[in-house]
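Mapping the sequence shown onto the working numbering, position 100 (from 1) lands on 91, and the numbers just tick up by one.
Ideal Cβ placement from N, Cα and C applies to all residues, glycine included.
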Amino acid sequence: MRLTPRREEIDAVKALLEDPSFESADQMARAVIKEVAEILQMRDWIALVHTWSDGHRGLNFAPFGNEAEARAFASKMAFGGTGRLVPLHSPGRVLANVEGKRGWKGYCQHPECGHAPFTHSAASAARGACQIPTCPCGKFRKENQETEA
């Protein structure tokens, strides 16, 4: 699984590594593992879904970080049958969108949308409007202030 770390993900882990309040390396390691697990829970993935030549369900493989990675894996395997790529949507992202999440930047309010804030316009009359042509949402919800501790 290939990962391209995002700036906010690096900053979150770096803050833990630089935190002097940890009493032991074990305590810090636990905190880092929990943080990385939470970060990965917020990502969408790709699954390679396989069907045998006779039509029966086959072998399924996941997670892949992107379609190119899944296709490269499939090209190296010789299972027979057919395969297709299926997006796996993040349960963490959906929950953060609905319930709010500390440190989460907020996503579209529309129930069929999950686009990041940077897909929304910052330009005058269109401020807040989603710039994805197929998305019906009007604006994204900012982080719920009640979730901050």
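Among the options, nearest to residue i - alpha-carbon criterion
{"i": "Leu7", "options": "Leu(-6), Lys25, Pro(-4) and Arg(-3)", "result": "Lys25"}
{"i": "Arg48", "options": "Gly56, Phe70 and Ala61", "result": "Phe70"}
{"i": "Gly56", "options": "Met(-8), Ser81, His41 and Asp45", "result": "Met(-8)"}
Assigned secondary structure, residue i (DSSP; H/G/I helix, E/B strand, else coil)
{"i": "Trp123", "result": "What sits at residue 123 in the sequence shown is Ile, not Trp. Of the three classes helix, strand and coil, the one that applies to Ile123 here is coil, per DSSP."}
{"i": "Phe52", "result": "strand"}
{"i": "Pro11", "result": "coil"}
Between the CA atoms of residue j and residue i - distance to the nearest angstrom
{"i": "Glu29", "j": "Arg75", "result": "28 Å"}
{"i": "Asp2", "j": "Val27", "result": "11 Å"}
{"i": "Leu79", "j": "Glu58", "result": "12 Å"}
{"i": "Lys67", "j": "Pro(-4)", "result": "26 Å"}
{"i": "Gln122", "j": "Cys128", "result": "9 Å"}
{"i": "Pro11", "j": "Asp17", "result": "14 Å"}
{"i": "Cys126", "j": "Ala120", "result": "10 Å"}
Inter-residue CB distance, residue i and residue j (contact presumed, cutoff 8 Å)
{"i": "Trp36", "j": "Pro54", "result": "4 Å"}
{"i": "Leu39", "j": "Ala65", "result": "6 Å"}
Residues of its chain near residue i, where Cβ-Cβ distance is below 6 Å and the 5 sequence neighbours each way are ignored
{"i": "Gly83", "result": "Gln32 and Met33"}
{"i": "Glu0", "result": "Ile30"}
{"i": "Phe13", "result": "Met19"}
Cβ-heavy atom distance, residue i to the ligand NAP, below 7 Å
{"i": "Ser15", "result": "What this structure holds is no ligand at all, so the ligand NAP is not there to describe."}
Proximal residues to residue i (C-beta, below 8 Å), its chain only, five neighbours per side dropped
{"i": "Lys5", "result": "none"}
{"i": "Leu50", "result": "His41 and Phe70"}
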